[in-house]
Amino acid sequence: MHLESTVIISDTVAHVFSNITNIQNYKWRSDIKVIKGIDDNNFIEYSKKNYPSFYTITKKTKNKSYELDFTNNKVEGQIVYSFTKEEDKTKLLITVDITFVDTKLKIIAKQKIKNKWKKFIEDLSNIEN
């Protein structure tokens, strides 16, 4: 499954990049209970229901791009964030490619993932400067 969203955020590229890439600063995420760092390139996000997802940072170019591979027992895939300055705002292109580990869950999971993604973008858009 392929998802793509473009979001315009009324904030600097540096601040948006910092919010997304700083795993110690996750309080703006309404879907996350805690994020635990493993090392410089790996971390675990725990949902509010304590469900873990494992992430590996595959590319991080300051204020330009941030790429991650992720997996849990239902899905695996890649997320790519691309940051560009647009006047005094940030244009953020987010691309997600997901493969379902359990194909029986595919129909139910598609809607849940779309809803989760929508909430992530809403949370990101509402961060205070």
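Just so it is clear: in the sequence shown, position 129 is 129 by this note's numbering, and no numbers are missing. Quick reminder that beta carbons are idealized off the backbone N, C-alpha and C, glycines included.
Judging by CA-CA distance, which residue of T56, Y66, I38, T71 is the nearest neighbour of V101?
The sequence position of residue 101 within the sequence shown is 101, counting from 1. Of the listed residues, the one whose Cα sits closest to V101 is T71.
Could you have a look at S53 and say whether DSSP puts it in helix, strand or coil?
To locate residue 53, count along the sequence shown from 1; it is residue 53. DSSP, reduced to helix, strand and coil, places S53 within a strand of the structure shown.
Measure the Cβ-Cβ separation of T12 and T90 and say whether it is below 8 Å.
Counted from its first residue, the sequence shown places residue 12 at position 12. Counted from its first residue, the sequence shown places residue 90 at position 90. Yes.
Mind checking Y81: buried by the 16 CB within 10 Å criterion, or exposed?
On the sequence shown, position 81 is the one that residue 81 refers to. It counts as buried.
Closest by CA to F17, which one among L3, E67, K62?
Counting from one through the sequence shown, the residue named residue 17 turns up at place 17. Comparing Cα-Cα distances from F17 to each of L3, E67, K62, the minimum goes to K62.
How long is the line joining the alpha carbons of P52 and E87, rounded to whole angstroms?
By one-based count along the sequence shown, residue 52 stands at place 52. By one-based count along the sequence shown, residue 87 stands at place 87. CA-to-CA, the gap between P52 and E87 works out to about 38 Å.
How about V13: is its C-beta nearer than 8 Å to some C-beta of chain B?
As a matter of chain content, chain B is missing from the structure shown, which is built from one protein chain.
Of all the options K118, K85, N73, which has the alpha carbon lying nearest to the alpha carbon of T95?
For the purposes of this step, residue 95 is taken as residue 95 along the sequence shown, with counting starting at 1. Selected option, being the one with the closest Cα: K118.
Inter-residue Cα distance where the pair is Y55 and K49:
Translated into positions along the sequence shown, residue 55 becomes position 55. Translated into positions along the sequence shown, residue 49 becomes position 49. Rounded to whole angstroms, Y55 and K49 show a C-alpha spacing of 18 Å.
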